[in-house]
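Participant:
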């Protein structure tokens, strides 16, 4: 008889919690639940019960477990969880997962594309992709992901779990995790989530006496009152309410014959002279003695390998042939000690982690060490065939066998490989383990690798502290070369984190360590880091682009000669940015070279980066988004979420400038929330700015104010986007409210900011809109315009529209009507892609053309009035009508304006003109402001106000303004 309970006992509250969580997940209200408790307390039983109930509801279940062997395998529980589902059900084919398949390929082998290099996605990108996958799997009935033994999990998995916890609330997903209450990152995460009220945590307590009796009865297939009292007292006293220990001790009683069924009832027969087990270790020792020697040897070897073990590795260690090996494994399975691992056909697992621990503990220390040494030597004989996981196992066995230094070298080698693969968190764990075991001769190089791992994991302060502890190295030695490389890599991490002082310090240290005989490739890497550092505000070299450019060009040349493709791409990227001040042709040439290097050396990340920058340059010069679309496709094919979101920001702003409102809104909506979740702050800010600019260019002040609040909260007003916020967003909003004075103030503020913070971005109005407004006001003339035309910013199609209009105004002012008209005609023709900007420009210059009698200002005003009326931007439409009246031209009436009026107001008799006033009341302006924005007299505003109060039945102006705001919210 197997002494296992078929029912869950004493966990009514926990099973109720699971039922509720499954119900809410099926209604797209996800949650995270964690069970915390000691080994054997029943966490896995509850996870199994959750899976069973989910299956009954038709919910997909993904179940994975961390390894308890101490091996560090990035994403191991997640890989196993997805495999457990897809092995039986196949991989999903939903089109909406297409952008995420490349990122998920790290977890789903079926989605890997041969041996081609992939995008080294960040943990957060992978987490977002996993979240999308779970959403798709749960779209019909909800889904469950079970992750067990998280206390043994790698840091990358914990980071993914944290992301899922924070973003699962509105998704049809239940995350259930189990872990022991052991100090570590997993327990810290769960406690933090509990404090933030984003996860439910339950501590599993020992079973009470009555529960132990009920569980024992279930194991014996008897009624609770049939359990012998002596047996019950023995189990209560020795198991401490731990369900697993209850089963183990009960099994020992059954196996030894001390508890047996006689005469239709259970009886306990205790021999006073018998050796009675006093704990689990002695219990398992007794059970092992009952097996044949070969099976006993196999189980001890398996336990030495861990609670989950590979059949291939076990065969290597034991030397058994296939037939013998699987015969012994079947015997152990039949004895209910081990079971096949459903998630991996090459693995078996002990029924409980404590089983393996107890088996190993049953050996004498000397025998335990000898077994570990024998296993390590067997693995070492096949070392060239071992993967990272097997190498870690070999290191663990070496450590158990007494070879600390050998174990340290193995841990360090695997840690360095993980660092090279981008798993810096796991690299930190392994290298710290290696450092604690290393011989003095290995300590320096391991510490250097550990420092780089911390830096690339975002723990720059820890990395700096480690480098400060390093002993000096001899000059012009292999040690000094490695030390210099360490400081260069940490300097690059500091630059990426915008830690100016720390980056500069690491560069100085690297140069000091390398001495005067710096090799060209080392100098190239230093120059690239130094060049990027020079662009950061706060650095002593900020603004000295000339010297940075010379150094970057040298670095690019050396890097290509010495076959350093990553350094070459970094250098060409830097050169492209610095070359913008001399024009986009030179910048594009640098990017084309960067693209060629990345393609030649199969560097997909750098290829996407080059395509993004080339597409951005083309978009700025011509307004054509085709290059950006190409870059987005390339990024998406790699599963590169961060570059994809960056491109989406640029595409959204392009759509705003092209007055493609719906397209801009769609792009923003698909990426703005995701960019916040993956902490892609640069793209997130740009998308928020695009949202604000969309509102500004549609003349929607309330939407603009709300968008600017979100932009400000994301740190946008402390970023390099300030000039765009002022010149492309707020200045346009002011112009569409017919407030040129405020628009010029915003443009002046943008210019002042740029003078304090040199940049290479040219859409802030400095090179287009501002010169036009200043020339219209008579503040600037031909000399100022010619100076602007000499700058690279004048090459942008957006800016050329305003500069050509400014040129026309100056020609008209000089009496050259023909050249003035040609300039305006060229501006209108070439700016066909920018309808709002084109019509706004015509509205702006029409006044000067009317006053100085050149061009076709009446037709310009009519076209602009028609455009802005159709766009719902009434202040500009009204200003155009007023200008037409002043010019003595006829003004057509938009009788069709009735369809813009909500039915409630239309049936009350509100006219289109009154409705224009009503819409503005949501912002609570005064009569003078309304009059100025609609180009009507204050007296006319008063008449419309009186009529509106009467027709809407509102008591006073405040109530009417409140009503307008309510209607505006409904329109939104």
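In the numbering used here, the protein residues as written are 910 to 1881. Backbone N, C-alpha and C fix where the C-beta goes; we use that ideal spot for every residue, glycine too.
1. Pick out whichever of 1212, 1769, 1152 has its Cα sitting closest to the Cα of residue 954.
2. Where does residue 1248 fall in DSSP's three states?
3. Check whether the Cβ atoms of residue 1217 and residue 1280 lie closer than 7 Å to each other.
4. Could you pull out every residue in the same chain whose Cβ sits closer than 7 Å to the Cβ of residue 1058, ignoring the five residues on either side in sequence?
5. Taking just the CA atoms, how far does residue 929 sit from residue 1075?
6. Per the contact definition of three or more C-beta pairs closer than 8 Å, is the stretch 1163 to 1177 in contact with the stretch 1208 to 1223?
7. What is the rounded straight-line gap between the Cα of residue 1183 and the Cα of residue 1154?
8. Just mark residue 986 as buried or exposed, buried being the case when its beta carbon has 16 or more other beta carbons within 10 Å.
9. So, at 8 Å on beta carbons, what are the nonlocal neighbours of residue 1100 in its own chain, with the 5 sequence-adjacent residues on each side left out?
10. If contacts are defined as beta-carbon pairs under 8 Å, then residue 1524 and residue 1539 qualify, I think. What distance do you get, rounded to the angstrom?
11. Please state the DSSP three-state secondary structure of residue 1345.
12. Assess contact between the stretch 1854 to 1874 and the stretch 1827 to 1843, defined as three or more Cβ pairs (one per stretch) separated by less than 8 Å. Is contact present?
13. In angstroms with no decimal places, state the Cα-to-Cα distance between residue 1529 and residue 1566.
14. Would you list the one or two residues that DSSP bridges to residue 973?
15. Please look up how many angstroms separate the CB atoms of residue 1646 and residue 1784, rounded, as I've assumed it's under 8 Å.
16. What does the Cβ neighbour count give for residue 1659, buried or exposed, with the cut at 16 atoms within 10 Å?
17. From this set, 981, 1552, 926, which residue's C-alpha is nearest residue 1341's C-alpha?
18. Alpha carbon to alpha carbon, what distance is there between residue 1683 and residue 1746?
19. Mind checking which residues open and close the beta strand (DSSP E) that includes residue 1175?
20. Provide the residue(s) that pair with residue 1206 in DSSP beta bridges, ordered along the chain.
21. With the cut-off set at 7 Å, would you say residue 1837 and residue 1821 are in Cβ contact?
22. Excluding sequence positions up to five away, which residues of its chain have a Cβ less than 6 Å from the Cβ of residue 1338?
23. Using beta-carbon positions only, say whether residue 1073 and residue 1001 come within less than 7 Å of one another.
24. Counting pairs of Cβ atoms below 8 Å between the stretch 1761 to 1769 and the stretch 1719 to 1731, do you hit three or more?
25. Between the alpha carbons of residue 961 and residue 1157, how many angstroms are there, rounded?
26. CA-CA distance, residue 1431 and residue 1394?
27. Have a look at 1472, 1408, 1859 and flag the residue whose alpha-carbon is nearest the alpha-carbon of residue 1445.
28. Assuming residue 1559 and residue 1590 make a contact with CB atoms under 8 Å, what is their CB distance in whole Å?
29. To test your reading of the DSSP string, which unbroken alpha helix (DSSP H) runs of 4 or more residues are found completely within the stretch 1055 to 1090?
30. Measure the C-alpha to C-alpha separation of residue 924 and residue 959 and round it to an integer number of angstroms.
31. Bridge partners of residue 1257, per DSSP?
32. Given that a residue counts as buried once 16 or more other Cβ atoms are within 10 Å of its Cβ, and exposed if not, what is residue 964?
33. Since residue 1404 and residue 1438 are thought to touch, with beta carbons under 8 Å apart, how far apart are those beta carbons, to the nearest angstrom?
34. Identify which residue in 1440, 1434, 1800 has its Cα closest to the Cα of residue 1469.
35. Determine the extent of the beta strand (DSSP E) in which residue 1109 is found, giving its start and end residues.
36. Using the Cβ count rule (16 or more neighbours within 10 Å means buried), how would you classify residue 1079?
Facilitator: The short version:
1. What you label residue 954 is simply residue 45 of the chain shown in a count that begins at 1. Ranking 1212, 1769, 1152 by Cα distance to residue 954 puts 1152 first.
2. Position 339 of the chain shown, counting from 1, holds the residue named residue 1248. In the three-state scheme derived from DSSP, where H, G and I count as helix and E and B as strand, residue 1248 is classed as strand.
3. Taking the first residue of the chain shown as position 1, residue 1217 is located at position 308. Taking the first residue of the chain shown as position 1, residue 1280 is located at position 371. Not in contact: residue 1217 and residue 1280 (Cβ atoms no closer than 7 Å).
4. On the chain shown, residue 1058 is found 149 positions in, with the first residue counted as 1. In the same chain as residue 1058, and ignoring 5 residues on each side of it, the C-beta atoms closer than 7 Å to its own belong to 974, 975, 977, 1087, 1088, in chain order.
5. Position 166 of the chain shown, counted from the first residue, corresponds to residue 1075. Position 20 of the chain shown, counted from the first residue, corresponds to residue 929. The straight-line gap from Cα to Cα measures roughly 19 Å.
6. Too few Cβ pairs lie closer than 8 Å, so no.
7. Along the chain shown, one-based indexing puts residue 1183 at 274. Along the chain shown, one-based indexing puts residue 1154 at 245. In this prediction, residue 1183 scores a pLDDT of 39, lower than 50, which makes its location untrustworthy; the coordinate-derived value is nonetheless stated afterwards. Across the structure, residue 1183 and residue 1154 are spaced so that their CA atoms are roughly 21 Å apart.
8. Here residue 986 refers to the residue found at position 77 when the chain shown is read from its first residue. Buried, by the Cβ-count rule.
9. Looking up residue 1100 in the chain shown gives position 191. Sequence-distant Cβ neighbours of residue 1100 in its own chain, meaning closer than 8 Å and more than five residues away, are 1110.
10. Numbered from 1 along the chain shown, position 615 holds the residue referred to as residue 1524. Numbered from 1 along the chain shown, position 630 holds the residue referred to as residue 1539. Yes, residue 1524 and residue 1539 are in contact; Cβ-Cβ is about 6 Å, under 8 Å.
11. Start at 1 with the first residue of the chain shown, and residue 1345 comes out as number 436. Three-state result, residue 1345: helix.
12. Yes: at least three Cβ pairs fall under 8 Å.
13. Mapped onto the chain shown, residue 1529 falls at position 620. Mapped onto the chain shown, residue 1566 falls at position 657. Those two C-alpha atoms are separated by around 10 Å.
14. Working through the chain shown from its first residue, we reach residue 973 at position 64. The bridge partners DSSP lists for residue 973 are 1056.
15. Taking the chain shown and counting its residues from 1, one reaches residue 1646 at position 737. Taking the chain shown and counting its residues from 1, one reaches residue 1784 at position 875. The pair is a contact, with the Cβ atoms about 5 Å apart (cut-off 8 Å).
16. On the chain shown, residue 1659 is found 750 positions in, with the first residue counted as 1. So residue 1659 counts as buried.
17. Position 432 of the chain shown, counted from the start, is the residue given in the question as residue 1341. Residue nearest to residue 1341 within the set 981, 1552, 926 is 981 (criterion: CA-CA distance).
18. Here the question's residue 1746 lines up with position 837 in the chain shown. Here the question's residue 1683 lines up with position 774 in the chain shown. Distance between the alpha carbons of residue 1746 and residue 1683: 17 Å.
19. Position 266 of the chain shown holds residue 1175. It spans 1174 to 1177 - the beta strand (DSSP E) in which residue 1175 sits, taken as one unbroken run.
20. Here the question's residue 1206 lines up with position 297 in the chain shown. Partner(s): none; residue 1206 has no beta bridge.
21. Start at 1 with the first residue of the chain shown, and residue 1837 comes out as number 928. Start at 1 with the first residue of the chain shown, and residue 1821 comes out as number 912. Against a cut-off of 7 Å, the Cβ pair of residue 1821 and residue 1837 comes out as no contact.
22. Against the chain shown, residue 1338 aligns to sequence position 429. If we look at residue 1338 and ignore the five residues flanking it on each side, its Cβ neighbours are 981.
23. The residue labelled residue 1073 in the question sits at position 164 within the chain shown. The residue labelled residue 1001 in the question sits at position 92 within the chain shown. Against a cut-off of 7 Å, the Cβ pair of residue 1001 and residue 1073 comes out as no contact.
24. The stretch 1761 to 1769, when compared against the stretch 1719 to 1731, does touch it at the 8 Å Cβ threshold.
25. Within the chain shown, the letter at position 52 stands for residue 961. Within the chain shown, the letter at position 248 stands for residue 1157. Distance between the alpha carbons of residue 961 and residue 1157: 24 Å.
26. Position 522 of the chain shown, counted from the start, is the residue given in the question as residue 1431. Position 485 of the chain shown, counted from the start, is the residue given in the question as residue 1394. Going by the C-alpha atoms only, they are around 8 Å apart.
27. Position 536 of the chain shown, counted from the start, is the residue given in the question as residue 1445. Comparing Cα positions, the closest option is 1408.
28. Taking the first residue of the chain shown as 1, we reach residue 1559 at position 650. Taking the first residue of the chain shown as 1, we reach residue 1590 at position 681. That belief does not hold up - the Cβ atoms of residue 1559 and residue 1590 are roughly 16 Å apart, past 8 Å.
29. The qualifying runs are 1064 to 1076.
30. Numbered from 1 along the chain shown, position 15 holds the residue referred to as residue 924. Numbered from 1 along the chain shown, position 50 holds the residue referred to as residue 959. Approximately 8 Å between the Cα atoms of the pair.
31. As a first step, residue 1257 is located in the chain shown; it is residue number 348 there, counting from the start. DSSP lists 1218, 1249 as partners of residue 1257.
32. Position 55 of the chain shown, counting from 1, holds the residue named residue 964. Taking every protein chain shown into account, the CB of residue 964 has fewer than 16 other CB atoms within 10 angstroms, so this residue is exposed.
33. Indexing the chain shown from 1 puts residue 1404 at position 495. Indexing the chain shown from 1 puts residue 1438 at position 529. Yes, residue 1404 and residue 1438 are in contact; Cβ-Cβ is about 6 Å, under 8 Å.
34. Against the chain shown, residue 1469 aligns to sequence position 560. Measuring from the Cα of residue 1469, the nearest candidate turns out to be 1434.
35. Position 200 of the chain shown holds residue 1109. That run of the beta strand (DSSP E) goes 1109 to 1112.
36. As a working mapping, residue 1079 is identified with position 170 in the chain shown. So residue 1079 ends up on the exposed side.
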